[in-house]
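J.:
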Amino acid sequence: KMAAAGRAWLAASLLPPWRLRAPCRAYGAAAAAAAATTRGGGSSRVLLGAAFALGGGAGLYLAARHRLREHSAAELPARNLQLTLYQYKTCPFCSKVRAFLDYHGLPYEIVEVNPIMRKEIKFSTYRKVPILLANAGSPLQLNDSSVIISAIKSYLISKKNSLEEIVSFYPPMKAVTEQGKEVFEYGNKYWLMLDEKETKRVYPVNEVRVEEMKWRKWADDWLVHLISPNVYRTPREALASFDYIVREGKFGTLEGFFAKYLGAVAMFFVSKRLKKRHHLQDNVREDLYEAVDEWVKAVGKHRLFMGGNQPNLADLAVYGVLRVMEGLEAFDDMMVHTKIQPWYQRMEAVIQKAVV
Numbered sequence: 001k002m003a004a005a006g007r008a009w010l011a012a013s014l015l016p017p018w019r020l021r022a023p024c025r026a027y028g029a030a031a032a033a034a035a036a037t038t039r040g041g042g043s044s045r046v047l048l049g050a051a052f053a054l055g056g057g058a059g060l061y062l063a064a065r066h067r068l069r070e071h072s073a074a075e076l077p078a079r080n081l082q083l084t085l086y087q088y089k090t091c092p093f094c095s096k097v098r099a100f101l102d103y104h105g106l107p108y109e110i111v112e113v114n115p116i117m118r119k120e121i122k123f124s125t126y127r128k129v130p131i132l133l134a135n136a137g138s139p140l141q142l143n144d145s146s147v148i149i150s151a152i153k154s155y156l157i158s159k160k161n162s163l164e165e166i167v168s169f170y171p172p173m174k175a176v177t178e179q180g181k182e183v184f185e186y187g188n189k190y191w192l193m194l195d196e197k198e199t200k201r202v203y204p205v206n207e208v209r210v211e212e213m214k215w216r217k218w219a220d221d222w223l224v225h226l227i228s229p230n231v232y233r234t235p236r237e238a239l240a241s242f243d244y245i246v247r248e249g250k251f252g253t254l255e256g257f258f259a260k261y262l263g264a265v266a267m268f269f270v271s272k273r274l275k276k277r278h279h280l281q282d283n284v285r286e287d288l289y290e291a292v293d294e295w296v297k298a299v300g301k302h303r304l305f306m307g308g309n310q311p312n313l314a315d316l317a318v319y320g321v322l323r324v325m326e327g328l329e330a331f332d333d334m335m336v337h338t339k340i341q342p343w344y345q346r347m348e349a350v351i352q353k354a355v356v
């Protein structure tokens, strides 16, 4: 019998549709704006693709979180797991999944998806990234970055359930976005599907699990929405961002040209709409600074990571989202004007060590 995670899904499934958000839509407003221009011709499709690309008691709790250690890659057998990740390299949701897989030492193949034609994922009715194809005896397709991470983590820990059984505990639910669009969401995507004994081993007290889930959700619901307004803040930053997208993505020569120059102009203006939609300050850098300092404060001065001596799933999610800004002005400003640098450098070091 599954632990309380199953009961949480039941409770989540009872939420009214308007309480649920569309999956993997960090740049939803930007995408919608670009989609509205697709009637104009091929160059608009380039803008659409590029927009998607970047795109117990208190005492017991405090004692437990200081000594909590996330299971290292050596303690979590891959169990003959074959993985293929379909991604846009600059997508923060894809970056989250890569950070998770790298930290746990899981080998995987990468298929870079052309954000315009998306022919690489023509096999799938689910048309977003990331998509993870996993084979642990039988092939499975996993959608949604947080579902991918929770399902694979559950599989690595659980000694009773197959990956197919675990994935079945994350059923998609039909929901309605604020714009009235029907989408599929996963109400329990931040839960690990473990029995009571396994849950107790991973989360010594319930507050540790609650904290991890809270900040994983925060990364998806808030932090990702700060990326686009910051990297497209000025015309110069927008051009630099699209130059990075074109260099790191999978574009043809003509597609890359239109994405870099027309996309930069379009997304500069779209970023202003995003700022209004998410109620950001006139200087969107301030929202970014406040968010990352809020995260640093939550980690605290006496922990290396939110997971204690090793990163937990919240650490990996926040790191994965922020990493897509590396090399851009917004990232450099964030390092200078916030307290994130020590934690970020520790994350870099521990992931690089796991990869090696």
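Numbering (full-length UniProt numbering), first residue to last: 1 to 356. All C-beta atoms, glycine included, are put in the ideal place defined by N, C-alpha and C.
In whole angstroms, give me the CA-to-CA distance for Lys276 and Val113.
T.: Approximately 30 angstroms, taken between the alpha carbons.
J.: Of all the options Tyr88, Val167, Tyr103, which has the alpha carbon lying nearest to the alpha carbon of Pro130?
T.: Looking at the Cα atoms, Tyr88 is the closest of the given residues.
J.: Mind checking whether Pro235 and Val284 have CB atoms under 8 angstroms apart?
T.: No, Cβ-Cβ distance for Pro235 and Val284 is not below 8 angstroms.
J.: Who does Asn135 pair with in a DSSP beta bridge?
T.: According to DSSP, which records beta bridges pairwise, Asn135 is partnered with Gln82, Pro139.
J.: Keeping to the same chain, check which residues put their C-beta closer than 6 angstroms to that of Lys110; ignore five residues upstream and five downstream.
T.: Here the sequence assigns Ile to residue 110, which means Lys is not the residue at that position. Cβ within range, chain order: Leu85.
J.: Put Glu286 into one of helix, strand or coil per three-state DSSP.
T.: DSSP places Glu286 in helix when its eight states are reduced to three.
J.: Quick check for students: name the residue ranges of the alpha helix (DSSP H) that lie wholly in the region 192-220, counting only runs of 4 or more.
T.: Counting whole runs of 4 or more residues, the region 192-220 contains the alpha helix (DSSP H) stretches 196-202.
J.: For Ala99, I'd like the list of residues in its chain whose CB is within less than 6 angstroms of its CB, leaving aside the five on either flank, ordered along the chain.
T.: Counting only Cβ-Cβ distances below 6 angstroms, and skipping sequence neighbours, we find Leu316, Tyr319, Gly320.
J.: Among residues of its own chain, excluding the 5 on either side of Ser271, which ones have a beta-carbon nearer than 7 angstroms to its beta-carbon?
T.: Same-chain partners within the cutoff: Ser228, Pro229, Tyr232, Arg233.
J.: Which class does Ile116 belong to by DSSP, given the choice of helix, strand or coil?
T.: DSSP places Ile116 in coil when its eight states are reduced to three.
J.: Let me know the secondary structure DSSP gives Arg69 once reduced to three states.
T.: Residue placement at Arg69 is flagged as unreliable, the pLDDT there being 39, under the threshold of 50; a coordinate-derived value is accordingly withheld.
J.: Determine the DSSP secondary structure at Phe169, reduced to helix, strand or coil.
T.: Note: Phe169 maps to coil in three-state DSSP.
J.: For Phe242 and Ala219, which I take to be in contact (beta-carbon distance under 8 angstroms), what is that distance rounded to the nearest angstrom?
T.: The Cβ separation is near 24 angstroms, so there is no contact.
J.: Alpha carbons only, please: which of Gln281, His279, Lys197, Ala314 is nearest the one belonging to Trp295?
T.: Selected option, being the one with the closest Cα: Ala314.
J.: List the residues that DSSP assigns as beta-bridge partners of Val111.
T.: Paired residues: Tyr86.
J.: Using 8 angstroms as the Cβ pair cut-off and three pairs as the minimum, do the region 252-269 and the region 207-225 touch?
T.: Cβ pair count under 8 angstroms is below three, so no.
J.: Can you list, in chain order, the residues of its chain whose CB lies under 7 angstroms from that of residue 360, leaving out five sequence neighbours each side?
T.: Lying before the first or after the last residue shown, residue 360 is absent from the chain, which here runs from 1 to 356.
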